[in-house]
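A.B. asks: Right, I'll just put the structure down here and ask away after.
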Amino acid sequence: MQQQDEDRARIFIDKHTWKFAKTMPWSPHFYVVKDYLNDEDKIEFVWFISQIPKYGKMMGWGKKKPKPYWFIDEWKYWTMAEEPVEIENILNRASHEV
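Read in order, the letters of the sequence shown are residues 20 to 117 in this note's numbering.
Written out as structure tokens, the structure reads:
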């Protein structure tokens, strides 16, 4: 099941242009904004971020409390929201090395 979910996530990942977060150059990462997606892709966006707690590894960043990061290929994916996932508007990604 995890492999199927990762394959589904890869379709979403490959379909979208990831914007560099230029306001945070000390923490290089990219993001996709749900508000800019079509209705079908918004559904996939919500599905994607709902999988992060399921498959993600809990990790801290700075002094913030740990949150799940989903590792797919050379990237890790996370959101800043807690719950519910439907209100989250940004999906982030960074290289494993960051």
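For glycine and all other residues, C-beta sits at the position ideal for the given N, C-alpha and C.
Quick one: what's got a C-beta closer than 8 Å to serine 69's C-beta in the same chain, skipping five residues either side?
C.D. replies: Val104
A.B. asks: Which residues bound the alpha helix (DSSP H) around alanine 28?
C.D. replies: 21-34
A.B. asks: Below 6 Å CB to CB, which residues in the same chain sit around glycine 75 once its five sequence neighbours on both sides are set aside?
C.D. replies: Pro87, Tyr88 and Trp89
A.B. asks: How far does the beta strand (DSSP E) with proline 85 in it reach, from first residue to last?
C.D. replies: 83-91
A.B. asks: Which residue wins for smallest C-alpha separation from phenylalanine 31, given the options Met20, Phe39, Glu59 and His48?
C.D. replies: Glu59
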